[in-house]
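All remarks here apply to the structure that follows.
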Ligand SMILES: [Zn+2]
Ligand SMILES: [Zn+2]
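Numbering (the numbering used here), first residue to last: 1 to 441.
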């Protein structure tokens, strides 16, 4: 081990493995298992031996890479808001919209909540996120972290699930296919810039090497004395930091902040099951108006036709656009309902079961991953309402179901976040196994 460390010190002085003389320990965020990180070379990742959750991923030149991607994404975003997004023409009357009009038109129809949701998820949060990455990486590259770097690094992981540029692209494609039969559609420069932005944003989020980043910001404090690997952290009075990964000792006096990043620490998320149940109940209640009321009303040549979510899917199917019908049905019906059932099942089974934890963790990860894709239908409504404005010839107005459905998506996402996946593994068998670990020397 010492020979290896000496070699690393000369070869790559900035990597965490090069500077620590003791094994770096991590408690898995999803199953609480304590393990030692192996030395990682660029391109390698370390997974939890029990549940397979990624504990650390090492990238080649992490700072340069994220900085370059974040700057490119920000340039693409500024182009996307400066040019026309899409245009349509119907019977000699046409309309051309910019990206921001998808939100401002909703305010005109007294739907401020939907407008705020759109602006936040596709413009504001991604822009703040990218600026944060640039600020952080500039400081790390100059070897002197800029002020507020720790707070910014902590916020980045919280913003991540709420950025939905990629979902918006799918929404834009669905809405354009929906009206392509009735009117001629033109894609503006902003549309392509936004596609590039969504792709670059995705690459930027994936390029962040948080293990390296936290090491460069605040070093690597040693794990508490006597930490044992091959067992869970909670029975030892320890908790892994969800943001920077460091293992901390939880003190009974209530000092429960991470020593390295300052994040709030919990042995298990407080009242996790009760909060998840409450949010699931609220989402179920909101799912009723989301399906009963029309999501949008199409007025064509003086005739108005309101359509609900299901009604829209059936109509699309009859028109022969079954691929779009399938996308809308999956995003608006299968995903939210499946998510409600999956989370409810996990909450029900957690306190009493000794079933396979890996299967249930996989189910939890899936619900967490797919939840945001339900926003497709809300984006479709926003784009169509802004775009289809041809006086009395044809126009589309939003219905009350749009805000109800948007709240279902947000509530189910919050429900998945308040559910603590470590509870899945807190079975009697796991508790017995937790007494069999080894002490680290
Ligand atoms: Zn794990
Ligand atoms: Zn931390």
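All C-beta atoms, glycine included, are put in the ideal place defined by N, C-alpha and C.
Exercise. Among all the DSSP beta bridges, which residues are the ones paired with residue 448?
Worked result: The question about residue 448 has no answer, for the chain in this structure spans 1 to 441.
For this session: Taking the CB atoms as reference points, tell me whether residue 41 and residue 58 lie closer together than 8 Å.
Result: Stepping through the chain shown from its first residue, residue 41 is reached at position 41. Stepping through the chain shown from its first residue, residue 58 is reached at position 58. Yes.
For this session: Could you tell me whether any non-hydrogen atom of ligand 1 is closer than 7 Å to the CB of residue 53?
Result: Taking the first residue of the chain shown as 1, we reach residue 53 at position 53. Yes, Cβ of residue 53 sits closer than 7 Å to a heavy atom of ligand 1.
For this session: Could you tell me if residue 426 is buried or exposed, where buried requires 16 or more neighbouring beta carbons within 10 angstroms of its beta carbon?
Result: Sequence index remark: in the chain shown, residue 426 carries index 426 (1-based). Answer is buried; the Cβ neighbour count reaches 16.
Exercise. Per DSSP, what kind of secondary structure is residue 343 in: helix, strand or coil?
Worked result: For this step, residue 343 is matched to residue 343 along the chain shown. Helix.
Exercise. Cβ atoms of residue 80 and residue 197: under 8 Å apart, would you say?
Worked result: For the purposes of this step, residue 197 is identified with residue 197 of the chain shown, where counting begins at 1. For the purposes of this step, residue 80 is identified with residue 80 of the chain shown, where counting begins at 1. Yes. Within cutoff.
Exercise. CA-CA distance, residue 27 and residue 78?
Worked result: Sequence index remark: in the chain shown, residue 27 carries index 27 (1-based). Sequence index remark: in the chain shown, residue 78 carries index 78 (1-based). Going from the Cα of residue 27 to the Cα of residue 78 covers about 40 Å.
For this session: Would you be able to state if there are at least three C-beta pairs under 8 Å between the stretch 161–180 and the stretch 382–399?
Result: yes
For this session: Compute the distance between the beta-carbons of residue 56 and residue 211, then report whether it is under 8 Å.
Result: Walking along the chain shown from the start, residue 56 turns up at place 56. Walking along the chain shown from the start, residue 211 turns up at place 211. It is a contact, given that the beta carbons lie within the stated cut-off.
Exercise. So what's residue 404 in DSSP terms, helix, strand or just coil?
Worked result: Position 404 of the chain shown holds residue 404. Three-state result, residue 404: helix.
Problem set entry | Nearest to residue 379 (by Cα), restricted to the options 151, 165, 91 | In the chain shown, residue 379 corresponds to position 379, counting from 1. Residue 379 has its Cα closest to that of 165, out of 151, 165, 91.
For this session: Give the secondary structure of residue 109 by DSSP, where H, G and I count as helix, E and B as strand, and everything else as coil.
Result: Position 109 of the chain shown, counting from 1, holds the residue named residue 109. It is coil, neither helix nor strand.
Problem set entry | residue 48 Cβ short of 7 Å to ligand 1 heavy atom set | Looking up residue 48 in the chain shown gives position 48. Yes, ligand 1 has a heavy atom inside 7 Å of this Cβ.
Problem set entry | Under the three-state DSSP convention, the category residue 76 falls into | As a working mapping, residue 76 is identified with position 76 in the chain shown. Of the three classes helix, strand and coil, the one that applies to residue 76 here is helix, per DSSP.
Exercise. Can you find a heavy atom of ligand 2 that lies under 7 Å from the Cβ of residue 263?
Worked result: Here residue 263 refers to the residue found at position 263 of the chain shown. Flag set: Cβ of residue 263 near ligand 2.
Exercise. How big is the Cα-Cα spacing for residue 117 and residue 400?
Worked result: Position 117 of the chain shown, counting from 1, holds the residue named residue 117. Position 400 of the chain shown, counting from 1, holds the residue named residue 400. Each residue's Cα considered, the two are about 15 Å apart.
For this session: Measure the alpha-carbon distance for residue 313 versus residue 329 and round it to whole angstroms.
Result: Locating residue 313 in the chain shown gives position 313, counting from the first residue. Locating residue 329 in the chain shown gives position 329, counting from the first residue. One C-alpha to the other measures close to 6 Å.
Exercise. For residue 30, is the beta carbon positioned less than 7 Å from some heavy atom of ligand 1?
Worked result: One-based indexing of the chain shown puts residue 30 at position 30. Yes, the Cβ of residue 30 comes within 7 Å of a heavy atom of ligand 1.
Problem set entry | residue 57, DSSP secondary structure in three states | The count along the chain shown starts at 1 and reaches residue 57 at position 57. Reduced to three states, the DSSP call for residue 57 is strand.
Problem set entry | Any non-hydrogen atom of ligand 2 within 7 Å of residue 450 CB | Lying outside 1 to 441, the shown extent of the chain, residue 450 is not represented and no answer is given.
Exercise. Quick one: what does DSSP say residue 425 is sitting in, helix, strand or coil?
Worked result: For the purposes of this step, residue 425 is taken as the residue at position 425 of the chain shown. Helix at residue 425.
For this session: Specify whether the stretch 91–111 and the stretch 143–152 touch according to this definition: at least 3 beta carbon pairs, one from each stretch, less than 8 Å apart.
Result: no
Exercise. Can you give the Cα-Cα distance for residue 11 and residue 39, rounded to whole angstroms?
Worked result: Here residue 11 refers to the residue found at position 11 of the chain shown. Here residue 39 refers to the residue found at position 39 of the chain shown. Bear in mind that a pLDDT of 35 at residue 11, under 50, signals an unreliable position, so the number given afterwards is only what the model happens to contain. Taking the straight line joining both Cα atoms gives about 14 Å.
For this session: From the DSSP output, in three-state form, read off residue 248 for me.
Result: What you label residue 248 is simply residue 248 of the chain shown in a count that begins at 1. Strand, per DSSP.
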